[in-house]
Ligand SMILES: [Zn+2]
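Chains as they are written, first to last, in our numbering: chain L, 186 to 330; chain Z, 16 to 410.
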């Protein structure tokens, strides 16, 4: 089976411990950055450089939304269109990040649910090639804590 | 600093105008504003204009230069201001700054827009270095879904209901019936709003604003000139712009730090409003009405709380009690708001000033806030741009 291609390179990776988002963290003030950042943007911090950092997989849904109509470009989706859920997730390691929620039942997703980072199919490109992205999967309340 | 007055306003009605250019729309607004002020084009000493990426401006946001070419090249200085959807608000702030500081005595502030069809993508670039682009490609969260996410958070926290959201739209449209410049001048029942298509749960089609074409202009001048020449000056008590703070937790791009202080809020809007109110020397109880940027009905609940007009979780109750109608204790968007106008993005901040002037002159007709003496307007734009203005009927 051919490998899925990340929809954008460099934002996530599958490690020996599972999927992680790949960004940076400031050595001075601990601020997390995704995508990778060369400099810290915290106005109260003058640390000279940032370190590579991995984020995830555990977090909590801060809020969420449902895309009830086919969105305009450049959003990618396969036909026939199916409404999807996306969430704003507060990861345990301090990053607030957006991501789709992998579920067949967008209505079952809710604020406060525990989630786990996964890598999953986003859509297929015009040649039928599978494009992947990070998503979140709802897990049991205490998972990973 | 000198006192500054608005002495003339003009607008082209909001709508979709296939056969008109953005220049046509601006010309209508500017001609009206000059006539209302009793000022000739040659007397304008400076033009502050909102820069658009959708229409006019020759691809460089030179929308003020388009207006000058159209009205006649007097050699007048032009300041083109870009601030996403807050550009009109920023242009007003720059015009006010220049008159207040004595650089110019009489200025024109103008914004016009012809919008493409459909919901807009907020960012204008498709590059992986652009966080807005990444967010659309990797996740897919267009504007309405972003608003939906903000609203879901509120529902979880304060128990906001779908019916309460719909009631805000009903209130907005009840005001629009009395506004000749509004695009949708029609009352909606609760059932009609709740029956409109779901766009991004819990937000329905009639609870978010579409894009529109429109143009607005005001003539501003120093107090001396206003007192000598104008029968109906309205005074700028405070004008401010701001940008978002690092520690605000609104999920604007792809990711950011979880805010240390708790809830997310639009810090650029709150900062601009705070600054404008401090400059005017007013507190929330002294503000008789506000025009806030209601891209979705949700903002009529969140903004008043973020600005200290009521406590967190109180906005729904105030709305249900009728306090946000023109005759209530906290009138919001007597114009009908973005809900009734649609968003002609960069013209919005100047249209809001026109509504403030209309109300403070007592010209609001069926949507008049009784005894309006102090009004607040606020706009918000891509890049974390916020603007606010406080105006008074009397100095
Ligand atoms: Zn730092």
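Glycine included, every Cβ here is placed at the ideal spot set by N, Cα and C. Source: prediction; values computed, not measured.
DSSP state of residue i, grouped into three classes?
i             : result
residue 372/Z : helix
residue 308/Z : coil
residue 281/Z : coil
residue 394/Z : strand
residue 323/L : strand
residue 60/Z  : coil
residue 330/L : coil
residue 26/Z  : strand
residue 333/Z : helix
residue 203/L : strand
residue 311/L : coil
residue 186/L : Confidence is the limiting factor: at residue 186/L the pLDDT is only 46, short of 50, which leaves the residue's position unreliable, though a coordinate-based value still follows. Residue 186/L falls in the coil class under three-state DSSP.
residue 39/Z  : helix
residue 266/L : coil
residue 85/Z  : helix
residue 162/Z : helix
residue 347/Z : strand
residue 382/Z : helix
residue 317/Z : helix
residue 246/L : strand
Please look up how many angstroms separate the CB atoms of residue i and residue j, rounded, as I've assumed it's under 8 Å.
i             : j             : result
residue 404/Z : residue 254/Z : 5 Å
residue 371/Z : residue 406/Z : 5 Å
residue 188/Z : residue 380/Z : Residue 188/Z to residue 380/Z, Cβ: 16 Å. No contact.
residue 319/L : residue 217/L : The pair is not a contact, with the Cβ atoms about 15 Å apart (cut-off 8 Å).
residue 423/Z : residue 410/Z : Given that chain Z is displayed from residue 16 to residue 410, the structure contains no residue 423/Z and the question cannot be resolved.
residue 365/Z : residue 115/Z : Not quite, the Cβ-Cβ distance comes to about 17 Å (not below 8 Å), so this is no contact.
residue 258/Z : residue 283/Z : 5 Å
Can you find a C-beta in chain Z that's less than 8 Å from the C-beta of residue i?
i             : result
residue 243/L : no
residue 266/L : no
residue 248/L : yes
residue 263/L : no
residue 252/L : yes
residue 275/L : yes
residue 331/L : No statement about residue 331/L is possible, as the shown extent of chain L runs from 186 to 330 and does not include it.
residue 309/L : no
residue 329/L : no
residue 213/L : no
residue 331/L : Because chain L is modelled from 186 through 330, residue 331/L falls outside the range shown and cannot be assessed.
residue 296/L : yes
residue 204/L : no
Could you confirm whether any beta carbon from chain L is found closer than 8 Å to the beta carbon of residue i?
i             : result
residue 271/Z : yes
residue 148/Z : yes
residue 282/Z : no
residue 266/Z : yes
residue 165/Z : yes
residue 208/Z : no
residue 226/Z : no
residue 320/Z : no
residue 203/Z : no
Give the straight-line distance between the Cα atoms of residue i and residue j, rounded to the nearest whole angstrom.
i             : j             : result
residue 111/Z : residue 165/Z : 33 Å
residue 346/Z : residue 327/L : 45 Å
residue 274/L : residue 113/Z : 44 Å
residue 159/Z : residue 218/Z : 8 Å
residue 262/Z : residue 219/L : 16 Å
residue 322/L : residue 247/L : 14 Å
residue 45/Z  : residue 70/Z  : 17 Å
residue 318/Z : residue 314/L : 44 Å
residue 39/Z  : residue 60/Z  : 22 Å
residue 290/L : residue 215/Z : 15 Å
residue 212/L : residue 374/Z : 53 Å
residue 198/Z : residue 287/Z : 28 Å
residue 16/Z  : residue 270/L : 52 Å
residue 332/Z : residue 223/L : 47 Å
residue 141/Z : residue 148/Z : 6 Å
residue 357/Z : residue 206/L : 38 Å
residue 225/Z : residue 324/L : 37 Å
residue 124/Z : residue 281/Z : 26 Å
residue 250/L : residue 153/Z : 15 Å
Measure from the C-beta of residue i to each C-beta in chain A and report whether the shortest distance is under 8 Å.
i             : result
residue 313/Z : The displayed structure is made up of protein chains L and Z, and chain A is not among them.
**Asked** Any contact of the segment 73 to 90 of chain Z with the segment 332 to 350 of chain Z, i.e. 3+ C-beta pairs under 8 Å?
**Response** Too few Cβ pairs lie closer than 8 Å, so no.
**Item:** Contact between the segment 22 to 30 of chain Z and the segment 231 to 248 of chain Z (3+ Cβ pairs under 8 Å)
**Value:** Contact holds: three or more Cβ-Cβ distances are below 8 Å.
**Prompt:** Are the segment 249 to 262 of chain L and the segment 238 to 251 of chain Z touching by the rule of at least three beta carbon pairs closer than 8 Å?
**Reply:** The segment 249 to 262 of chain L makes no contact with the segment 238 to 251 of chain Z: fewer than 3 CB pairs, one atom from each, lie closer than 8 Å.
**Request:** Examine the Cβ distances between the segment 269 to 285 of chain L and the segment 267 to 287 of chain Z and report whether three or more of them are shorter than 8 Å.
**Result:** At 8 Å Cβ cutoff, the stretches touch.
**Message:** When you compare the segment 300 to 307 of chain L with the segment 187 to 202 of chain L, are there three or more beta-carbon pairs, one atom per stretch, that lie closer than 8 Å?
**Reply:** By the C-beta criterion, the segment 300 to 307 of chain L is judged to be in contact with the segment 187 to 202 of chain L, since at least 3 inter-stretch pairs fall below 8 Å.
**Validate contact between the segment 394 to 402 of chain Z and the segment 96 to 107 of chain Z using beta carbons, cut 8 Å, 3 pairs** = A contact exists between the segment 394 to 402 of chain Z and the segment 96 to 107 of chain Z.
**Contact between the segment 376 to 394 of chain Z and the segment 303 to 312 of chain Z (3+ Cβ pairs under 8 Å)** = Judged by Cβ distances under 8 Å, the segment 376 to 394 of chain Z makes contact with the segment 303 to 312 of chain Z, as three or more pairs qualify.
**Prompt:** Would the segment 172 to 186 of chain Z and the segment 198 to 206 of chain Z be scored as touching if the rule is three or more Cβ pairs under 8 Å?
**Reply:** Counting Cβ pairs under 8 Å, three or more are found: they touch.
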